[in-house]
Amino acid sequence: MSALLEIQDLEVHFPVGGGWFSGPRAVVHAVDGVDLSVEPGEIVAVVGESGCGKTTLARSVLGLNQPTAGTIRFRGKDVRGARSAQEMRAYRRAIQMIFQDPFDSLNPRKTVLQTLAQPLRIHGIVPRSEIRAEVVRLLNLVGLSPGESYLGRYPHQFSGGQRQRICIARAIALRPSLIVADEAVSALDISIRAQILALLQKLRTDLGLSYLFITHDLGVVRSFCERVVVMYLGHVVEEGPTEQIFERPRHPYTTALLEACPLADPIVARRRTSAPLTGDIPSPVRPPKACRFHTRCPMAEEICGTVAPPIVDCGNGQKSRCHFAGDLDRWPKFDFSSAKASA
Amino acid sequence: MSKPLLTATNLVTKLFTDSGTVQAVDGVSLHIGHGEAVALVGESGCGKSMTALSLMRLVRPPGQIVSGSVNFDGADLLSLSEREMRAVRGGRLAMVFQDPMTFLNPLMRVGEQIVEAIMLHQRVGSSEARRTALEALERVGIPAAATVIEYFPHQLSGGMRQRVLIAMAISSKPTLLIADEPTTALDVTIQAQIMRLLAKLRGELSSSMLLITHDLGLVAEYCDRVYVMYAGRIVEEGDVYGIFANPRHPYTRALLSSTLSPDRRIEKLAPIDGQPPNLITPPPGCRFHPRCRERMARCSEEAPPNFDIAPGASARCWLYEEAARVGAP
Amino acid sequence: MTTITHIPAEPSWWRIFSRNRGSVVGAVVLVVLFALAIVAPMLLRFEAGRIDVGPSMAPPSLVHLMGTDELGRDVFARAAAGLSVSLMVGFGAATISTFLGVVIGGLAGFFGRSIDALLMRLTEIFQVIPRFFLAVLLVAFFGASIFNILIAIAVLSWPEIARLVRGEFLSLRSRQFVDAARVAGASRTSLIFGEILPNALGPVVVNATLMVGQAMLLEAGLSYLGLGDPTKASLGQMLQEAQQIMRSAWWTTAFPGMFIFLAVLSLNLVGDGLTDVLNPRARGR
Chain W
1 MSALLEIQDL EVHFPVGGGW FSGPRAVVHA VDGVDLSVEP GEIVAVVGES GCGKTTLARS
61 VLGLNQPTAG TIRFRGKDVR GARSAQEMRA YRRAIQMIFQ DPFDSLNPRK TVLQTLAQPL
121 RIHGIVPRSE IRAEVVRLLN LVGLSPGESY LGRYPHQFSG GQRQRICIAR AIALRPSLIV
181 ADEAVSALDI SIRAQILALL QKLRTDLGLS YLFITHDLGV VRSFCERVVV MYLGHVVEEG
241 PTEQIFERPR HPYTTALLEA CPLADPIVAR RRTSAPLTGD IPSPVRPPKA CRFHTRCPMA
301 EEICGTVAPP IVDCGNGQKS RCHFAGDLDR WPKFDFSSAK ASA
Chain B
1 MSKPLLTATN LVTKLFTDSG TVQAVDGVSL HIGHGEAVAL VGESGCGKSM TALSLMRLVR
61 PPGQIVSGSV NFDGADLLSL SEREMRAVRG GRLAMVFQDP MTFLNPLMRV GEQIVEAIML
121 HQRVGSSEAR RTALEALERV GIPAAATVIE YFPHQLSGGM RQRVLIAMAI SSKPTLLIAD
181 EPTTALDVTI QAQIMRLLAK LRGELSSSML LITHDLGLVA EYCDRVYVMY AGRIVEEGDV
241 YGIFANPRHP YTRALLSSTL SPDRRIEKLA PIDGQPPNLI TPPPGCRFHP RCRERMARCS
301 EEAPPNFDIA PGASARCWLY EEAARVGAP
Chain V
1 MTTITHIPAE PSWWRIFSRN RGSVVGAVVL VVLFALAIVA PMLLRFEAGR IDVGPSMAPP
61 SLVHLMGTDE LGRDVFARAA AGLSVSLMVG FGAATISTFL GVVIGGLAGF FGRSIDALLM
121 RLTEIFQVIP RFFLAVLLVA FFGASIFNIL IAIAVLSWPE IARLVRGEFL SLRSRQFVDA
181 ARVAGASRTS LIFGEILPNA LGPVVVNATL MVGQAMLLEA GLSYLGLGDP TKASLGQMLQ
241 EAQQIMRSAW WTTAFPGMFI FLAVLSLNLV GDGLTDVLNP RARGR
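If you want it as structure tokens, here you go:
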């Protein structure tokens, strides 16, 4: 089976600072050698904290920023090689995006009809005379019904949840096969978040979509995503099937994340005894050498600061970038109620 | 039972805006005991932050506290003069906010700001205040506090800034700390650090905490008692174990079933429809009735009073009319 | 299914504008001035430029509302005509400079990098030259016709708008809705004209309003120095001519001066009100 999206050795570096006469002062290593793939129909989560490069990764997939190195293949074709306008258009159509901030992702001066008609018109999805009807159909599909009553309204007349529905309608207008969702539900309230996730779930079955789901919320990951990719400072530190990662993580950062995230159950939450990670997340301008996590890692040893860890295959699609991933004794079955960094 | 540290009774705060009067806090009564950690939980716009600001008397125009009383440690806060209130605020009653940057002066070194706050509330000289500030910074786990004291706010990370704000808040050894979404802007691992820190400090100072949050996970882990707020009103009250194990109000149930916790997988989400109402024209009767799965005919006509269901547990829902001995409305 | 629970009513732009009383006064004064400039020459008994329509230096009376000048010209008629010249120069120069500023600032802000650096250096060059001095030079060199004055003012005023537009473009181009349009496959042209420009226009319109006032002042200044168009009397020119008799016949300077003052002040007040209308954040409050 060939992957829908396949990313290899992706590197995205940004120069920062500097002026006309001096070179850039520093380089942000936003994404540094990332491999990732999404199979047709799959929901893949990319999790990590700020500065881990997850948003940069998402934007690179959409062509919103230029990778420094590496390849992005879509249905086996190299996207960056495909410079013919036609191929680029086809690619654009097939991958769409839902943005984080529903208050920033709709043009405040455009009506719902204008916003949703734009992609339809550009790609000629339906004949011009049918655009209006198609927009109404899309609105009904995302739960804004009757669609007709929304057409002439402006974004500021909607709530956050409704706006996110409009953004979803825009994303599915081109009938894509992959949707990249960058923290698409993070800004929403709990009850609205559940509504939007349920809608995304429904659309996935109805339209046969795949999602690349960028998030920091492990609760959402567990209930919504089939596979997880954990990122830290531009590196993928662990990946694998969701249940497997949550039950037996093989990277200390994954463990730390699982331990730190709030649990909606007072009994389980209060049985946790582990201490949280210490220290701040280092700057991606000067990431630590060798293993990037070693400065905060509770199980770090000398080797971690000198030798970059290899990618260890842990079976069943689980991979970890830790020197000790192969040492099974260090990785007891993870239990939320007694979460403890293995010593 | 001893007298609570803080008791708010029938607090009403309205926002008088151009588009109408927002009934942001509509008859909120709550109490916080000595040494207790209480959560005020709800979604955005439910009035939880406005409640906190009302307790601190920090409501700014177009907002205004219309009626009610707030008794803190024997004093009625709403009848104090602004000067007396300033002495309470930042003294025995301190607050930590979501965005530390809005409460730190970007042009002043963090040390000076803490020292200034200390000198404002405690009658001490500057060298004494400086010592207290250093102590407070060390207490909130800032490494090399003597260096950090010379930094400007922008030189600190988000987590560090929040620590500075907490240091400011605890430097006066408050008996009640109101924390309004203190970790919402932070990453998960930093959030864990800050929440553990708050819990630790609360123990050391044996102070009480009111945690304003939308995150049920934080409530579950760090609070003893919970008030659930919806559309300007408190709809349920209970101890944390009861609320999570046996939520009574249909809104609390909906919130819990919508919350995705990493310790369990939910195959099929069953969210409630609709969205919180606009508080300029809130729905009549029970404000949750348009979204409620268990609504009855009277819910849209009569607002339910607060029914006491068990000691310390009450819900504002007609479902409990019979089960309850009717408590104070 | 989700239903529309509450759609906030959009306050009309006039409602927002009228919250600011000063702006309403400004707008009314501006309308009156425009009416005066257009209608007065048709209705008044005296032709604007004609001499000896009355006694020399007659004080304001019912016949000559604003008195007459040295040559016995009706000050009211002249001032009304001068006002129309001044307003034309003001609006004309502001329009042209706004256009230049939007194009240059927009290009710099949208493309960034070396295009930005180049255009911004150019802008700075224009900004550091003393504006009035260059205007004097330009007019002295190309001749003092209304058209030349208008162009000179326009050429000198665009940098302000350009910097403003560049800033707006820089911040708007990284907004999520612009990215969303990119993802939808929108062309560069449609990104600029469909997404970014409409959202950048608010402050530009406000600034253009203020610029009309500035241009009028600049024109008055040039005319006062004797660099105005001799064939078309403007308010500034009237002031210059009346310099000598200012002490004995105050009305010859007071009324033209008042027109300039009122026009510039009302334009500023209107600009203030427009800020409220065009700033979406100020709405709904």
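Protein sequences, first through last, are from chains W, B and V.
Okay, so the first sequence: first residue is 1 according to my numbering, each after it adds one.
Okay, so the second sequence: first residue is 1 according to my numbering, each after it adds one.
Okay, so the third sequence: first residue is 1 according to my numbering, each after it adds one.
Just so you know, even glycine gets a beta-carbon here, dropped at the ideal spot from N, CA and C.
Taken in chain order, the complete beta strand (DSSP E) segments of 3 residues or longer contained in the segment 163-203 of chain B are 176-180. Between V/Ser97 and V/Ala152, the CB-CB gap reaches or exceeds 8 Å. In this structure B/Asn306 is buried. Its beta-carbon is surrounded by 16 or more other beta-carbon atoms within 10 angstroms. Two segments are said to touch when three or more pairs of C-beta atoms, one from each, lie closer than 8 Å; by this definition the segment 62-75 of chain W does not touch the segment 128-136 of chain W.
Leaving aside the five residues that flank W/Asp9 on each side, the residues in its chain whose CB is nearer than 6 Å to its CB run, in chain order, Gly33, Gly70. Rounded to the nearest whole angstrom, the C-alpha separation of B/Cys223 and B/Arg196 is 12 Å. Annotation: Cβ neighbours of B/Leu256 in chain W (cutoff 8 Å, chain order): Ala264. Excluding five sequence positions before and after B/Leu53, the CB atoms of its chain that fall closer than 7 Å to its own CB belong to Val59, given in chain order. The beta strand (DSSP E) runs of length 3 or more contained entirely in the segment 200-226 of chain W are, from start to end of the chain, 210-215.
Here B/Tyr251 carries a helix assignment [DSSP, helix/strand/coil]. Excluding its 5 nearest sequence neighbours in each direction, B/Val240 has C-beta neighbours in its own chain below 7 Å: Val219, Ala220, Cys223, Asp224, Arg225, Val226, listed in chain order. A check of alpha carbon separations from B/Gln275 across B/Ile170, B/Cys46, B/Glu204, B/Ala310 identifies B/Cys46 as the nearest. If you look at W/Gly240, you'll find it in the beta strand (DSSP E) that goes 235-241.
For the pair B/Ala254 and V/Leu118, the Cα-to-Cα distance works out to about 58 Å. By the Cβ criterion, the segment 88-95 of chain W is in contact with the segment 163-176 of chain W, since at least three pairs of Cβ atoms, one from each stretch, lie closer than 8 Å. About 12 Å separates the Cβ atoms of W/Leu212 and W/Ala3, ruling out a contact at the 8 Å cut-off. Under DSSP, B/Tyr227 shares a beta bridge with B/Leu40, B/Glu237. When DSSP states are grouped into helix, strand and coil, V/His64 belongs to the coil group. Listed in chain order, the non-local C-beta contacts of W/Pro309 below 7 Å within the same chain comprise Cys291, Arg321, Cys322, His323, local neighbours out to five positions each way being set aside.
Listed in chain order, the positions of the segment 181-192 of chain V with a beta carbon within less than 7 Å of a beta carbon of chain W are Ala181, Arg182, Val183, Ala184, Gly185, Ala186.
In the structure shown, the three-state DSSP call for B/Phe307 is strand. If you draw a straight line from the Cα of B/His289 to the Cα of W/Leu151, it comes to about 28 Å. Judged by DSSP secondary structure, W/Cys167 falls within the alpha helix (DSSP H) whose first and last residues are 160-172. Assignment of B/Gln275 by DSSP, reduced to helix, strand and coil, places it in the coil class. Along the segment 34-68 of chain W, the beta strand (DSSP E) occurs as fully enclosed runs of 3 or more residues at 43-47, listed in sequence order. Pairwise C-beta distances place the segment 147-155 of chain B out of contact with the segment 173-188 of chain B, as fewer than three of them are shorter than 8 Å. The bridge partners DSSP lists for B/Thr13 are B/Val25, B/Ile65. For B/Ser208, the enclosing beta strand (DSSP E) stretches over residues 208-213. Contact check for W/Val185 and W/Val230: beta-carbon distance about 19 Å, past the 8 Å limit, so the pair fails to qualify.
Taking 8 Å as the cut-off, the Cβ atoms of W/Leu144 and W/Ile179 do not count as close.
W/Ala300 has its alpha-carbon roughly 26 Å from the corresponding atom of B/Ala145. The residue among W/Pro40, W/Val126, W/Gln114 with its C-alpha nearest the C-alpha of W/Gly76 is W/Pro40. The DSSP-derived three-state label of B/Lys48 is helix.
Chain B has no Cβ within less than 8 Å of the Cβ of W/Ser177. Separation of the CB atoms of B/Ser207 and B/Leu176 is rounded to 6 Å, and the pair is thereby assigned contact status at 8 Å. Taking 8 Å as the cut-off, the Cβ atoms of W/Pro284 and W/Val46 do not count as close.
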